[in-house]
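Chemist: The structure that follows is given in the form of structure tokens.
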Amino acid sequence: MTAVVTAPTVVERVYAPIHDGLAVAHRNLIALRRVPRLLIFSTVQPLVFILMFRYVFGGVTGRALNGISYVDFMMPGIFVQAAVFGAMNTAIGLATDMQTGLMERFRSLPMARSAVLSGRTLADLTRNVFVVSLMTGVGFALGFRVHTDAWRFLAGVVLVLLFGFAMSWIFATIGMAVGDPETAQAAAFPMLVPLVFASSAFVPVATMPGWLQAFANNQPVSATVEAVRTLVLGGPAASLVWQALAWDAGIVAVFAPLGVWLYRRAV
Amino acid sequence: MHDAPAIAVSGLTKRFGDVTALGGIDFEVPQGTVFGLLGPNGAGKTTAIRILTTIIRPSSGRAEVLGHDVAEEPATVRRLIGLAGQNAAVDPNLTARENLRLIGRLTRLPARRLDPRAAELLEQFDLVAAADRPVRTYSGGMRRRLDVAAALVSEPPVLFLDEPTTGLDPQSRGALWELIRQLLREGTTVLLTTQYLEEADRLANRVAVIDEGRIIADDAPGVLKERLGQTVIELDMGDEARAAEAATLITTRLQRAPGREGPLLRLAAPDGSMLLMDVMHALEGDGMVPRTIAVRESSLDDVFLALTGHRTEDTP
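Read top to bottom, the protein sequences are chains G and E.
For the first sequence, our numbering puts the final residue at 389, and the numbers step up evenly by one.
For the second sequence, our numbering puts the final residue at 354, and the numbers step up evenly by one.
Right, here's the structure in full:
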């Protein structure tokens, strides 16, 4: 038996994580198609939020909103909220993965160590494309209107998706750290709520007490919401978009290596 | 590297906190042979396999696959091995074909080889009819077959099978044995763990018996059987006094001492029926009629009793 083995080349080192991440993402998307309840639950929840916020807070008007109708004000917030809550599924999905025998095999394969995590976050990004499209349709049906143009709106959608992807890496790390789906859910939820609600997603930050404003003005949900809102409702958006992108890049730069490190360690 | 043993293990230990799973084991597996690691649950078999397949790192000692250290060159080792574990490591939501294609992609099979290789394996493992059904609808035996098939996708030169037939019906077990022999003819090296003496005997060129993280015997299965006996005869003499008396008779007349446990006498031999005749002859003149006689194939339990003086259940 001759077995010729050569050390991986530089091209392989760069190519392998992408190739393997896509292979694992494909596997996760097949599961999403075959177990429709996964997709249904991650879609129903954002739709319920749209309906709730549209009709419970829909009557809110006033100076704080600068004459914008509440449905137009809230839709960017709802988009971002859905992306953040959707990221919780990354933690749950990954923690579930880690309990299966398949991971044992994956560790013995010559695949990139990052592939289990990137495959999960990429699959969740794809799912978010579906969720956001559906939300857009429902939003328009309930009276949401874009004040700028289609390109700016699309740019806003891309920002939402990128933020969802970045959040997925945070929750991938949480999923790796806690190791079982129930704990992942329990750990993720209390972190999500302040991030989403103590932000400019649903109410203008100016209406909050000062100490809360300090937090709400300096966290990634607000940064993304402000950028998307400006893209959709009009105004100078460039610097807000860069801020949002910086948050995304920073989050991935910290949490992707951390999550992969946890994957290498966890057995 | 060409002449390196397929697997070489020396002074290998693994501790999990205070628990010593492997207390320093050594063995070598030449290329193109089957090595059996025989032992009860918790003996350290799976730990040894997990170290050799780079899933966990050893606490000390060395383990090499085809000359490559598993701790220092895990990426290289991973390209040389296939693993089928105890818990069928396949994705229940994917079909068998999708599972095999996924493993093919992750072992860097060229894209044009993915479908043909999956089809070959589905054929070989008798999974063609169910190939496009999600695996969650499979029986345990089908899953196990798929699991072994998945380990073979990249045609690895060294294959690790962790209790491959546990929970399989006799027919599937026989089919898997035949497949392992086929791989051996093609030059694959196989390390398999098992709780069944018969399985180790039928397949392996060499068998190591492992107990509490240590190897207590390492030999060709024929030699082990010679030493430990293939057939076990158990005589229930009714009470301990009669058992002692009968043991003395057998020892003096047959020049072999039976094992004693309460009223039970136990003898092991490569040829059981011949021994049984001799034992009966030795006892009959003195009216020492056993209450019951049992003749059976020797089990892992007997091997342990012979090697360690304790039964497998005694293993903490």
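The beta-carbon is built from N, C-alpha and C at its ideal position, and this holds for glycine as well.
Please state whether DSSP places His-269/G in a helix, a strand or coil.
Modeler: Here DSSP, grouped into helix, strand and coil, assigns His-269/G to coil.
Chemist: Suppose the cutoff is 7 Å on Cβ atoms and the five residues either side in sequence are ignored; what does the same chain contact list for Ala-189/E look like?
Modeler: Closer than 7 Å at the Cβ level, and outside the excluded window around Ala-189/E, lie Gly-120, Leu-121, Ala-122, Leu-197.
Chemist: Extract the residue ranges of the alpha helix (DSSP H) inside the segment 161 to 187 of chain G, only unbroken runs of 4 or more that lie entirely within it.
Modeler: none
Chemist: Mind checking which residues open and close the alpha helix (DSSP H) that includes Phe-252/G?
Modeler: 237 to 263
Chemist: Closer than 7 Å, Cβ to Cβ, to anything on chain G: give me those residues from the segment 97 to 123 of chain E, in chain order.
Modeler: Leu-104, Ala-113, Thr-114, Arg-116, Arg-117, Leu-118, Ile-119, Leu-121, Gly-123
Chemist: Any idea what DSSP makes of Thr-49/E, helix, strand or coil?
Modeler: It is worth fixing the name first, because residue 49/E is Gly in this sequence and not Thr. In this structure, Gly-49/E counts as strand in the three-state DSSP scheme.
Chemist: Could you confirm whether any beta carbon from chain E is found closer than 7 Å to the beta carbon of Ser-230/G?
Modeler: yes
Chemist: Hey, could you find the ends of the beta strand (DSSP E) Ala-101/E is sitting in?
Modeler: Start and end: 98 to 103.
Chemist: Leu-281/G and Ala-366/G look like a contact to me (Cβ under 8 Å); what is the Cβ gap, rounded to whole Å?
Modeler: 6 Å
Chemist: On the three-pair Cβ rule with 8 Å, is the segment 259 to 273 of chain E touching the segment 236 to 251 of chain E?
Modeler: yes
Chemist: Which residue marks the beginning of the beta strand (DSSP E) containing Thr-58/E, and which one marks its end?
Modeler: Start and end: 57 to 67.
Chemist: DSSP has His-106/E in a bridge; who is on the other side?
Modeler: Val-103/E
Chemist: Just reading off the beta strand (DSSP E) that Glu-335/E is part of, what are its end residues?
Modeler: Where Glu-335/E is concerned, the enclosing beta strand (DSSP E) stretches over 330 to 335.
Chemist: Taking the alpha carbon of Asn-150/G as the reference point, which residue from Gly-212/E, Leu-140/E, Leu-214/E has its own alpha carbon closest?
Modeler: It is Leu-140/E whose Cα lies nearest to the Cα of Asn-150/G.
Chemist: Looking only at its chain, what residues have a beta carbon closer than 8 Å to the beta carbon of Thr-124/G, apart from the 5 residues adjacent to it on each side?
Modeler: With a pLDDT of only 45 at Thr-124/G, under the threshold of 50, the placement of this residue in the model should not be trusted, and no figure is reported.
Chemist: Give a yes or no on whether the C-beta atoms belonging to Val-268/G and Val-354/G are separated by under 7 Å.
Modeler: yes
Chemist: Give me the Cβ distance between Pro-139/G and Ala-213/G, rounded to the nearest whole Å; I'm assuming they're in contact under 8 Å.
Modeler: In fact, because the Cβ distance is near 21 Å, the residues do not count as touching under 8 Å.
Chemist: Short of 8 Å in beta carbon distance, which residues of its chain neighbour Leu-222/E, apart from the five on each side in sequence? Order them along the chain.
Modeler: Gly-70, Thr-71, Val-72, Val-228
Chemist: From the beta carbon of Asp-129/E, is the nearest beta carbon of chain G less than 7 Å away?
Modeler: yes
Chemist: Since Tyr-83/E and Ile-248/E should fall inside the 8 Å C-beta cutoff, what is the C-beta to C-beta distance between them, to a whole number of angstroms?
Modeler: The identity of residue 83/E in the sequence shown is Lys, whereas the question assumes Tyr. The pair is a contact, with the Cβ atoms about 6 Å apart (cut-off 8 Å).
Chemist: So what does DSSP say about Arg-294/E, is it helix, strand or coil?
Modeler: coil
Chemist: Quick one: complete alpha helix (DSSP H) runs, 4+ long, within the segment 128 to 194 of chain E?
Modeler: 134 to 144, 149 to 162, 178 to 190
Chemist: Counting C-beta neighbours from all protein chains within 10 Å, is the total for Tyr-192/G 16 or more, i.e. buried, or is it exposed?
Modeler: buried
Chemist: Using a Cβ-Cβ cut-off of 7 Å, state whether Met-233/G counts as contacting chain E.
Modeler: yes
Chemist: Along the segment 214 to 242 of chain E, where does the CB come closer than 8 Å to a CB of chain B? Name the residues.
Modeler: This model lacks chain B altogether; the protein chains it does include are G and E.
Chemist: Let's see if you can read the secondary structure: which residues bound the beta strand (DSSP E) around Leu-121/E?
Modeler: 119 to 122
Chemist: Quick one: grab the DSSP three-state call for Val-347/G.
Modeler: helix
Chemist: Which partner residues of Gly-215/G appear in the DSSP bridge assignment?
Modeler: None; Gly-215/G has no bridge partner.
Chemist: Give me, in chain order, the residues of the same chain whose beta-carbon lies closer than 7 Å to that of Arg-174/E; leave out the 5 immediate sequence neighbours on both sides.
Modeler: By the criterion of a C-beta distance shorter than 7 Å, Arg-174/E is surrounded in its chain by Pro-130, Asn-131, once the five residues flanking it on both sides are discounted.
Chemist: Would the beta-carbon of Leu-144/E fall within 7 Å of that of Asp-246/G?
Modeler: no
Chemist: From the DSSP output, which residues share a beta bridge with Val-270/E?
Modeler: Under the DSSP definition of a beta bridge, Val-270/E partners with Ala-306/E, Arg-334/E.
Chemist: Pick out whichever of Trp-291/G, Ile-373/G, Gly-180/G, Phe-163/G has its Cα sitting closest to the Cα of Phe-261/G.
Modeler: At residue 261/G the sequence reads Gly, which differs from the Phe that was named. The residue with the shortest Cα to Cα distance from Gly-261/G is Gly-180/G.
Chemist: Return the chain-ordered list of same chain residues with a C-beta closer than 8 Å to the C-beta of Leu-287/E, the five sequence neighbours on each side being excluded.
Modeler: Ala-320, Leu-321, Asp-324, Met-326
Chemist: For Ile-331/E, count neighbouring C-beta atoms within 10 Å of its own C-beta (all shown protein chains included) and say buried if the count is 16 or more, exposed if not.
Modeler: exposed
Chemist: Could you check whether the Cβ of Glu-226/G sits closer than 7 Å to any Cβ belonging to chain E?
Modeler: yes
Chemist: Taking the alpha-carbon of Ala-246/E as reference, which of Thr-51/E, Gly-55/E, Asp-56/E, Ile-63/E has the nearest alpha-carbon?
Modeler: Cα-wise, what sits closest to Ala-246/E is Ile-63/E.
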